[in-house]
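Protein chains in written order, with the numbering used here: chain A, 1 to 127; chain B, 1 to 374. Glycine is no exception: its CB is placed at the ideal position from the N, C-alpha and C atoms.
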Amino acid sequence: MGAYMSEKKYTKDHEWVSIENEIATIGISNHAQESLGDIVFIELPSVGNLVKAKDEICVVESVKAASDIYAPIDGEIVEVNNNLENDAAIINQDAENEGWIFKMKISDSNQYSDLMSEDEYKQFLEQ
Amino acid sequence: MNQLPLDIPLKNFHQNNGAKILPFAGFNMPINYKTGIINEHKNVRNHSGIFDVSHMGQILIQNNESYLYKLEKYIPLQLKKLIKNRSHYSFLLNKDGGVIDDLIVSNIDIKDKSYLYVVYNASRKKEDEEIFISCAPNAEKIYNKNCLLAIQGPDSINVLKYIIDIPNNMSFFDILISKYNNNEIIVSRSGYTGEDGFELSIPNECAENLITDLLKNENTMLCGLGSRDSLRLEAGLSLYGHELNENITPIEAGLTWALDKERLEDENLNGNEVLSDQLKNKISNKKIGLISTSKSMLRDGMTLFDNNNNEIGKITSGCFSPNLNKSIAIGYIKSEYNSDSSIFCEIRKKLELVKINNLPFVKKNYKKNGSIYE
Chain A
1 MGAYMSEKKY TKDHEWVSIE NEIATIGISN HAQESLGDIV FIELPSVGNL VKAKDEICVV
61 ESVKAASDIY APIDGEIVEV NNNLENDAAI INQDAENEGW IFKMKISDSN QYSDLMSEDE
121 YKQFLEQ
Chain B
1 MNQLPLDIPL KNFHQNNGAK ILPFAGFNMP INYKTGIINE HKNVRNHSGI FDVSHMGQIL
61 IQNNESYLYK LEKYIPLQLK KLIKNRSHYS FLLNKDGGVI DDLIVSNIDI KDKSYLYVVY
121 NASRKKEDEE IFISCAPNAE KIYNKNCLLA IQGPDSINVL KYIIDIPNNM SFFDILISKY
181 NNNEIIVSRS GYTGEDGFEL SIPNECAENL ITDLLKNENT MLCGLGSRDS LRLEAGLSLY
241 GHELNENITP IEAGLTWALD KERLEDENLN GNEVLSDQLK NKISNKKIGL ISTSKSMLRD
301 GMTLFDNNNN EIGKITSGCF SPNLNKSIAI GYIKSEYNSD SSIFCEIRKK LELVKINNLP
361 FVKKNYKKNG SIYE
């Protein structure tokens, strides 16, 4: 089976998820970044943690407020974006690429299929 | 309190200039503009920034002895002796010496009539106006016809002086009537950022023109309530509803300097006995500044502990400090603790060490003044 990069999907908590070879990369959406404003600190999750969808797993702090990040699907945290430790503002600059927050090995790909497509997320934002 | 937020006169102007608008104290207010809170904050510290604070209360009270006597029940100043063209930070006090509101009282003449001009918090309009009207039935609220704009930062004078006549010798907390395009405006050298600056009470219809004129200076920019909050926190300034409320006296809030000591002997002043007693004896809680020792953010409502896990206080305001590049906070702790004590803050169920820091966190940069009374 060759490597493939899936379509990017979104949660109602304004996270994005993309999957490559059973590894999901997760960050917050550009919309979330804009509404949080200047991000000054992120408490990253620990590699090796087993998490369930909807678990609070880390926290993004903007100048104004703290905001929880939830696991979008069940799985194990396998990598975190250590660049954010020194410069959380990367999320403001490029939330949906360089500003990725953590990667997880997912256990149930159906959970991923249930998330919103980019178009569905746009509609969700307009509601 | 479930009413829809009101709009300030220039709401559309702010929206067209990229403001993020959110409800605050009953008004849809600009929180920040496109470049963000940190950038606005730094621009005020290094150059200048323009704030629209038209949500605030503004009232004119005729300078009449009987009105002043009644107001002196609430305001701990000798109102009859206020120097013309000077402003004073003060309070409305309740019967226990608690703070109904904090405000700025000024003595000015408008069209040959002498007034007290009072600027007070949007969130306390109802409570304050009940008192103002009970003391002075013909007091005139002017916030529906006058916007309140502020320009703050070390360059403020250089931006403003080409647009409005400002006397060279105007000091911090001086106030006067000036003109903008033939409209009378109230200009005070004051603000809420710890920087030099001015507040301008200007008829609604010319407020947008004034902002546009100010923005012609390329080093100034529109700033929202987000940076106003981090600026005032760095300057150690109190915010009503956070550091101040009806259960806190000015003495507990570290604002004894703003009380007229003679008035504390006056039975006509609400809470005079409580306040005199607090001055002579120790108070049980005191206001302090705190700095985070990690990257975690200190926030309003977080609980403080000593190294034996005893709860000793709470944070009342916290934010990221762009000048210190870490989180700072103001809070109250039991008076027996000091900067030698190890103090911990509960942040998301973990205890983190925090350091007591004298207020302000960032040195104030005011153009200093003369005496208080004539």
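Per-residue contacts from G36 of chain B into chain A (C-beta, under 9 angstroms): Position 36 of the second sequence holds residue 36 of chain B. By Cβ distance, chain A contributes G37, D38, V63, N92.
Buried/exposed call for P23 of chain B, threshold 16 Cβ in 10 Å: Taking the first residue of the second sequence as 1, we reach residue 23 of chain B at position 23. P23 of chain B should be labelled exposed.
Same chain, Cβ closer than 8 angstroms to V136 of chain A, neighbours up to 5 away in sequence not counted: Nothing can be reported for residue 136 of chain A: it is not among the residues displayed for chain A, which extend from 1 to 127.
Range covered by the beta strand (DSSP E) that runs through A32 of chain A: Taking the first sequence and counting its residues from 1, one reaches residue 32 of chain A at position 32. Segment 30-36 is the alpha helix (DSSP H) holding A32 of chain A; no beta strand (DSSP E) there.
With 16 other Cβ atoms within 10 Å as the buried cut-off, status of W16 of chain A: For the purposes of this step, residue 16 of chain A is identified with residue 16 of the first sequence, where counting begins at 1. Per the 10 Å Cβ criterion, buried.
Helix, strand or coil at T303 of chain B [DSSP, three-state]: Looking up residue 303 of chain B in the second sequence gives position 303. Strand at T303 of chain B.
Check whether E79 of chain A and C58 of chain A have beta carbons under 8 angstroms apart: Taking the first sequence and counting its residues from 1, the one referred to as residue 79 of chain A is at position 79. Taking the first sequence and counting its residues from 1, the one referred to as residue 58 of chain A is at position 58. Not in contact: E79 of chain A and C58 of chain A (Cβ atoms no closer than 8 angstroms).
DSSP-derived helix/strand/coil call for W100 of chain A: On the first sequence, position 100 is the one that residue 100 of chain A refers to. In this structure, W100 of chain A counts as coil in the three-state DSSP scheme.
Any C-beta of chain A under 8 angstroms from that of K295 of chain B: Reading the second sequence from its first residue, position 295 is the one you call residue 295 of chain B. Yes, K295 of chain B counts as interfacial toward chain A.
Environment of D196 of chain B [buried if 16+ CB atoms lie within 10 Å]: Here the question's residue 196 of chain B lines up with position 196 in the second sequence. Counting Cβ neighbours within 10 Å, D196 of chain B comes out buried, since at least 16 surround it.
Status (buried if at least 16 other CB within 10 Å, exposed otherwise) for L4 of chain B: Within the second sequence, the letter at position 4 stands for residue 4 of chain B. Answer is exposed; the Cβ neighbour count stays below 16.
Unbroken stretches of the beta strand (DSSP E), 3 residues or longer, contained in the segment 2-29 of chain B: 20-24
Within the segment 149-215 of chain B, ranges of the alpha helix (DSSP H) (whole runs, at least 4 residues): 156-160, 204-214
Within chain B, partners of V59 of chain A - CB distance below 7 angstroms: Counting from one through the first sequence, the residue named residue 59 of chain A turns up at place 59. Those are R348, listed as they occur along chain B.
Pairwise C-alpha distance: K52 of chain A and E118 of chain A: Taking the first sequence and counting its residues from 1, the one referred to as residue 118 of chain A is at position 118. Taking the first sequence and counting its residues from 1, the one referred to as residue 52 of chain A is at position 52. Straight-line Cα distance between these residues: approximately 23 angstroms.
Buried versus exposed, by CB contacts within 10 Å (16 or more), L50 of chain A: The sequence position of residue 50 of chain A within the first sequence is 50, counting from 1. Per the 10 Å Cβ criterion, exposed.
Proximity winner among B:N183, B:E265, B:R232, B:A139, relative to I330 of chain B (alpha-carbon distances): Along the second sequence, read from residue 1 onward, the residue named residue 330 of chain B stands at position 330. Ranking B:N183, B:E265, B:R232, B:A139 by Cα distance to I330 of chain B puts B:R232 first.
Cutoff 8 angstroms: S230 of chain B Cβ touching any chain A Cβ: Reading the second sequence from its first residue, position 230 is the one you call residue 230 of chain B. Judged by the 8 angstroms Cβ criterion, S230 of chain B is in contact with chain A.
Partner residues on chain B for F102 of chain A, Cβ-Cβ distance less than 8 angstroms: The residue given as residue 102 of chain A occupies position 102 in the first sequence. Within chain B, no residue comes near F102 of chain A; the closest Cβ sits about 17 angstroms away, beyond 8 angstroms.
Presumed contact (8 angstroms Cβ cut-off) between V362 of chain B and E234 of chain B, rounded CB distance: For the purposes of this step, residue 362 of chain B is identified with residue 362 of the second sequence, where counting begins at 1. For the purposes of this step, residue 234 of chain B is identified with residue 234 of the second sequence, where counting begins at 1. With 8 angstroms as the limit, V362 of chain B and E234 of chain B qualify as a contact, their Cβ atoms being about 4 angstroms apart.
Within 8 angstroms, strictly: CB atoms of N43 of chain B and L116 of chain B: Here residue 43 of chain B refers to the residue found at position 43 of the second sequence. Here residue 116 of chain B refers to the residue found at position 116 of the second sequence. No.
Test: A66 of chain A CB closer than 8 angstroms to a CB of chain B: The sequence position of residue 66 of chain A within the first sequence is 66, counting from 1. For A66 of chain A, a Cβ of chain B is located within less than 8 angstroms of the residue's own Cβ.
C-beta neighbour in chain B for F124 of chain A, strict 8 angstroms: Working through the first sequence from its first residue, we reach residue 124 of chain A at position 124. No - not a single Cβ of chain B is within 8 angstroms of the one on F124 of chain A.
Chain A within 8 angstroms of G299 of chain B, Cβ atoms only: Taking the first residue of the second sequence as 1, we reach residue 299 of chain B at position 299. Note that residue 299 of chain B is Arg in the sequence shown here, rather than Gly. Closer than 8 angstroms: yes.
Per DSSP, the bridge partner or partners of L60 of chain B: Along the second sequence, one-based indexing puts residue 60 of chain B at 60. In the DSSP output, where bridge partners are listed per residue, L60 of chain B has B:Y117, B:E140.
Residue range of the unbroken alpha helix (DSSP H) whose run includes S66 of chain B: Translated into the one-based positions of the second sequence, residue 66 of chain B becomes position 66. Its alpha helix (DSSP H) spans residues 65-71.
Top-ranked residue by Cα proximity to D109 of chain B, from B:N121, B:R86, B:D101: Taking the second sequence and counting its residues from 1, one reaches residue 109 of chain B at position 109. Closest by C-alpha distance to D109 of chain B, out of B:N121, B:R86, B:D101, is B:R86.
Supposed contact pair L244 of chain B and A258 of chain B - C-beta distance, whole angstroms, cut 8 angstroms: Taking the second sequence and counting its residues from 1, one reaches residue 258 of chain B at position 258. Taking the second sequence and counting its residues from 1, one reaches residue 244 of chain B at position 244. No, A258 of chain B and L244 of chain B are not in contact; Cβ-Cβ is about 11 angstroms, not under 8 angstroms.
Candidates B:I59, B:N46, B:N16, B:L77, of which the one nearest D266 of chain B by Cα: Residue mapping note: residue 266 of chain B aligns to position 266 of the second sequence, counting from 1. It is B:L77.
Within chain A, partners of F320 of chain B - CB distance below 7 angstroms: Locating residue 320 of chain B in the second sequence gives position 320, where the first residue counts as 1. What F320 of chain B touches in chain A: V40, V63.
Partner residues on chain A for N377 of chain B, Cβ-Cβ distance less than 9 angstroms: This structure leaves residue 377 of chain B out entirely; chain B is present only between 1 and 374.
Y70 of chain A and D94 of chain A closer than 8 angstroms at C-beta: Taking the first sequence and counting its residues from 1, one reaches residue 70 of chain A at position 70. Taking the first sequence and counting its residues from 1, one reaches residue 94 of chain A at position 94. No, the Cβ-Cβ distance between Y70 of chain A and D94 of chain A is not below 8 angstroms.
Closest Cα partner of I83 of chain B within the set B:K355, B:M297, B:I175: Residue numbering aside, residue 83 of chain B sits at position 83 when the second sequence is read from its first letter. That would be B:I175, whose Cα lies nearest to the Cα of I83 of chain B.
Any chain A beta carbon closer than 8 angstroms to G226 of chain B: Here residue 226 of chain B is taken as the residue at index 226 of the second sequence, counted from 1. So, interface residue.
Bridge partners - F91 of chain B, DSSP secondary structure assignment: What you label residue 91 of chain B is simply residue 91 of the second sequence in a count that begins at 1. Bridge partners of F91 of chain B: B:D102.
Residue range of the unbroken alpha helix (DSSP H) whose run includes L279 of chain B: As a first step, residue 279 of chain B must be located in the second sequence, where it is residue number 279. Run containing L279 of chain B: 272-280, per the alpha helix (DSSP H) assignment.
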